[in-house]
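S.K.: Per my numbering, residue 282 is the first one in the first sequence, and the count goes up by one each step.
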Amino acid sequence: MNNKFYITNAIPYVNAKPHIGHALEFVQSDTIARYHRLLGDETLLLCGGDENAIKNVQAAEKAKRPIQEFVDENSAIFHELSRKLNVEFDVWQKGSDPKHHSSSQKLWELCLKKGDIYKQSYKGLYCVGCELFYGEEELDKDRECFEHPGKKLEEVSEENYFFKLSKYQEQIENIIKSGEFQIIPDRRKNEALSFIKQGLKDISISRSNERARNWGVRVPNDPTQRMYVWFDALNIYQSGVGFALDEKKYNKWWPADLHVIGKGILRFHAIYWPAFLLSAGLNLPKKLFVHEYITVNGQKMSKTTGNVIDPIPLIEKYGADALRYYLLAKVSPFSDGDFSEEKLKETYNADLANGLGNLVARVAKLCERVILKLSPTPKFSEDYKKAIEGFKFNEILENIWNEIRKLDQQINKKEPWKIKEKEKLKQFLQSIVNNIINIAFELKPFLPETSKKIEEQFKESKIVSQKPLFPRI
RNA sequence: GCCAGGGUAGCUCAAUGGUGGAGCACAGCAUUCAUAACGCUGCGGUUGUGGGUUCGAUCCCCACCCCUGGUACCA
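(1) Could you tell me if V510 is buried or exposed, where buried requires 16 or more neighbouring beta carbons within 10 angstroms of its beta carbon?
(2) Quick check on V745: buried or exposed, where buried means 16 or more other Cβ atoms within 10 Å of its Cβ?
(3) Helix, strand or coil for K387 per DSSP?
(4) With distances taken Cα to Cα, identify the nearest neighbour of W698 among P726, T658, A645.
(5) Specify, as a first and last residue, the run of the alpha helix (DSSP H) that T658 falls within.
(6) Can you name the start and end residues of the beta strand (DSSP E) that I465 belongs to?
(7) In the DSSP output, what is C328 paired with across the bridge?
(8) K365 lies in the alpha helix (DSSP H); which residues open and close that run?
(9) Is it the case that the stretch 568-582 contacts the stretch 524-531, given that we only count it when at least three CB pairs across the two stretches are under 8 angstroms?
(10) At what residues does the alpha helix (DSSP H) containing H303 begin and finish?
(11) Quick one: what's got a C-beta closer than 7 angstroms to Q452's C-beta in the same chain, skipping five residues either side?
(12) If you drop the 5 nearest sequence neighbours on each side, which residues of the same chain put their C-beta closer than 6 angstroms to that of D311?
(13) Alpha carbon to alpha carbon, how far is L305 from L609? Give it in angstroms, no decimals.
(14) Please go through the same chain and pick out, in chain order, the residues whose beta-carbon is closer than 6 angstroms to the beta-carbon of T289, but skip the five residues on each side of it.
(15) With H, G and I counted as helix, E and B as strand and the rest as coil, what does DSSP make of E494?
(16) Determine, using beta carbons only, whether F759 and F549 come nearer to each other than 9 angstroms.
(17) Which value, in whole angstroms, describes the spacing of the CA atoms of L728 and I685?
(18) Considering just the uninterrupted stretch of the alpha helix (DSSP H) at R755, what are its terminal residues?
(19) Could you tell me which of K687, P657, S712, A642 sits nearest to P749, measuring between CA atoms?
(20) Would you mind reading off the limits of the beta strand (DSSP E) that contains Q436?
(21) Going by C-alpha distance, which of R346, L724, Q349 is nearest R315?
(22) Assign I484 to one of three DSSP states: helix, strand, or coil.
(23) Please state whether the Cβ-Cβ distance between E439 and R492 is less than 9 angstroms.
(24) Could you tell me if Q374 is buried or exposed, where buried requires 16 or more neighbouring beta carbons within 10 angstroms of its beta carbon?
(25) Which residue wins for smallest C-alpha separation from G329, given the options D378, L366, Q349, A601?
(26) Report the rounded CA-to-CA distance for H382 versus L604, giving the unit in angstroms.
(27) Rounded to whole angstroms, how far is the Cβ of N516 from the Cβ of S384, which I believe are closer than 8 angstroms?
(28) Whose CA, out of F462, A297, E332, lies closest to the CA of K343?
(29) Where N719 and Y442 are concerned, what is the direct C-alpha to C-alpha distance, given to the nearest angstrom?
(30) One question on the structure: do L547 and R650 come within less than 9 angstroms of each other, judged by their Cβ atoms?
(31) Of all the options Q349, L393, Y294, which has the alpha carbon lying nearest to the alpha carbon of N502?
(32) Can you give me the C-alpha to C-alpha distance between S621 and N578, rounded to a whole angstrom?
(33) Could you please give me the residues that DSSP links to V644 through a beta bridge?
(34) So A721 and E736 are in contact, right, with Cβ under 8 angstroms, and what is the actual spacing, rounded?
(35) With respect to the beta strand (DSSP E) encompassing R507, which residues constitute its N-terminal and C-terminal limits?
(36) Under 9 angstroms, do F444 and F524 count as touching if we go by C-beta distance?
Below you can see the structure in the form of structure tokens.
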């Protein structure tokens, strides 16, 4: 009965510190992984650092730091965030890891052998100041880059390697349409399909050393070129489980059962990635879950507006589970969700302190008068399974909170503090406590810390009241 | 411009071709087992705008406005 379940979180760019959007995805992935572990599946959750992008080099230069040191440090901050959120990544695969480099070179060689990689010149607008190519939309009104106003861009052409994406148009359309490669929700699936329908063009998958600032994965047998960051970044999903490194491990885990990503990188995962794999003759991932973004007071988060939210101080102030709860319950998995500290605080007090926390506290106190006989056998209901497997995190939590409200109503109606007969009181409390234990179980994937505390408190037949789970703020 | 999704109470969202619902916030009542918590009651909406179909539309059709995403080498 033991299935394996391999799930990946998108690997964040490490050119800046993590923001609350990263926390959202971490928490979603972790919740799914925890659920599968509870089902008894052998589960592996991977994340890592996308460290080979030119943007990292630029950011390091700006910070006047050696590039490797810079990406190591930033990558570590992301990893640290995951720990603070109680997000358990089994593998943290760094893009700058030499093992990952050799694994990616192997992927390249397989595509090359298939005849899908060829050389061609690439033309674009080049900023000498940044040593970068820019697209028209990335430029200001004078068609100059924002870093170097007044500096004219040059039309430069360069020999690059290209990948025959066009060759795989039909195949990719079929695997998406048929559901062999499932994209959730439908809106994103349709978006990918309509992109394919426009006709796929071949893509450049390498840069010159100069342009790449001698950073990134070397192209096999060509000392002048480095891989385009997405070619190797996607391969982190494979190198992290041993592709071209540890055959046994790779065969055990690959293909991924689920990739979790944000809407901004749909194309790379829905189209490029399966194409690279098809070319290399490797298995395809089974499912892609695409979440949306977090806005701040209705506005998009961006460095220029200066409204980027750092999750770490929030965790310190409210606790990991409080932030997890907000992100899973109050942010829709399928549409943009808004965040503000005020809303977090409101939710904390209303749902966690007054709701769950208060229920647990009042019941524990009532239980001090009796000794209970508990025989809970919590398990996931079919509705629960269906919802979580459809990524409807908010729906599940809403149901649980309806249950909490019902228990509060039951207690008010029965007035157990007035019951004199111990047997009667015991019977009533047993049923309430069993329900609480069930709630704690259902919360396991979502709020691991809280769930554990509740289970501990209601484990013994002699229950005593304890410190509040969520003191009001 | 084109394609997709969306515009419903202060906020977040649900609903159905037939007299608009929930949670939060707010106000009042009640109460102590509990974290001045829980419960009950109330306040609150001409369902983006203008037309049309229909006995009747928030839900169907048309036009327009606004928001979000995509529209390739850019998370």
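All residues carry an ideal CB built from backbone N, CA and C; glycine is no exception. All of these numbers come straight from a predicted model, not from anything done at the bench.
M.R.: So, to answer that:
(1) Stepping through the first sequence from its first residue, residue 510 is reached at position 229. Classification for V510: buried.
(2) Here the question's residue 745 lines up with position 464 in the first sequence. The residue in question, V745, is exposed, as its Cβ has fewer than 16 Cβ neighbours within 10 Å.
(3) Within the first sequence, residue 387 is the residue found at index 106, counting from 1. In this structure, K387 counts as helix in the three-state DSSP scheme.
(4) On the first sequence, residue 698 is found 417 positions in, with the first residue counted as 1. If we check each option's Cα against that of W698, A645 comes out closest.
(5) As a first step, residue 658 must be located in the first sequence, where it is residue number 377. Where T658 is concerned, there is no enclosing alpha helix (DSSP H), given that its DSSP letter is neither H nor E.
(6) Position 184 of the first sequence holds residue 465. First-last of the beta strand (DSSP E) with I465: 463-465.
(7) For the purposes of this step, residue 328 is taken as the residue at position 47 of the first sequence. DSSP lists W373 as partners of C328.
(8) The residue labelled residue 365 in the question sits at position 84 within the first sequence. Run containing K365: 348-365, per the alpha helix (DSSP H) assignment.
(9) no
(10) Sequence index remark: in the first sequence, residue 303 carries index 22 (1-based). Looking at the DSSP string, the run of the alpha helix (DSSP H) that includes H303 is 301-320.
(11) Walking along the first sequence from the start, residue 452 turns up at place 171. So the qualifying residues of the chain are L559.
(12) Indexing the first sequence from 1 puts residue 311 at position 30. Here the set comprises V368.
(13) As a working note, residue 609 is residue 328 in the first sequence. As a working note, residue 305 is residue 24 in the first sequence. Each residue's Cα considered, the two are about 8 angstroms apart.
(14) Within the first sequence, the letter at position 8 stands for residue 289. Excluding positions up to five away in sequence, the list reads L327, Y518, A537, H540.
(15) Taking the first sequence and counting its residues from 1, the one referred to as residue 494 is at position 213. Note on residue identity: the sequence assigns Arg, not Glu, to residue 494. Reduced to three states, the DSSP call for R494 is coil.
(16) In this structure the chain extends from 282 to 754, so residue 759 is not present and cannot be described.
(17) The residue you call residue 728 lines up with position 447 of the first sequence. The residue you call residue 685 lines up with position 404 of the first sequence. Their backbone Cα atoms lie some 15 angstroms apart in a straight line.
(18) Beyond the ends of the chain as shown, which are 282 and 754, falls residue 755; an answer cannot be given.
(19) Here residue 749 refers to the residue found at position 468 of the first sequence. When only C-alpha atoms are compared, the closest one is A642.
(20) In the first sequence, the residue the question calls residue 436 occupies position 155. In the sequence as presented, Gln is not what sits at residue 436; that position holds Glu. Start and end: 435-444.
(21) Reading the first sequence from its first residue, position 34 is the one you call residue 315. Comparing Cα-Cα distances from R315 to each of R346, L724, Q349, the minimum goes to L724.
(22) Residue mapping note: residue 484 aligns to position 203 of the first sequence, counting from 1. Strand at I484.
(23) Position 158 of the first sequence, counted from the start, is the residue given in the question as residue 439. Position 211 of the first sequence, counted from the start, is the residue given in the question as residue 492. Their beta carbons are under 9 angstroms apart, which means E439 touches R492 by this criterion.
(24) Taking the first residue of the first sequence as position 1, residue 374 is located at position 93. Classification for Q374: buried.
(25) As a working note, residue 329 is residue 48 in the first sequence. Comparing Cα positions, the closest option is D378.
(26) Residue numbering aside, residue 382 sits at position 101 when the first sequence is read from its first letter. Residue numbering aside, residue 604 sits at position 323 when the first sequence is read from its first letter. H382 and L604: Cα-Cα distance of roughly 36 angstroms.
(27) On the first sequence, residue 516 is found 235 positions in, with the first residue counted as 1. On the first sequence, residue 384 is found 103 positions in, with the first residue counted as 1. Correct: roughly 6 angstroms between the Cβ atoms.
(28) By one-based count along the first sequence, residue 343 stands at place 62. The option with the nearest alpha carbon to K343 is A297.
(29) The sequence position of residue 719 within the first sequence is 438, counting from 1. The sequence position of residue 442 within the first sequence is 161, counting from 1. Rounded to the nearest angstrom, the two C-alpha atoms are 57 angstroms apart.
(30) The sequence position of residue 547 within the first sequence is 266, counting from 1. The sequence position of residue 650 within the first sequence is 369, counting from 1. Contact flag unset, no.
(31) For the purposes of this step, residue 502 is taken as residue 221 along the first sequence, with counting starting at 1. Of Q349, L393, Y294, the residue nearest in Cα terms is L393.
(32) Against the first sequence, residue 621 aligns to sequence position 340. Against the first sequence, residue 578 aligns to sequence position 297. Between S621 and N578, the C-alpha separation is close to 6 angstroms.
(33) One-based indexing of the first sequence puts residue 644 at position 363. Paired residues: none, contrary to the question.
(34) Numbered from 1 along the first sequence, position 440 holds the residue referred to as residue 721. Numbered from 1 along the first sequence, position 455 holds the residue referred to as residue 736. Indeed they touch by this definition, with Cβ atoms about 5 angstroms apart.
(35) Here residue 507 refers to the residue found at position 226 of the first sequence. Here the beta strand (DSSP E) through R507 covers 503-508.
(36) Numbered from its first residue, the first sequence carries residue 444 at position 163. Numbered from its first residue, the first sequence carries residue 524 at position 243. Going by C-beta atoms, F444 is not nearer than 9 angstroms to F524.
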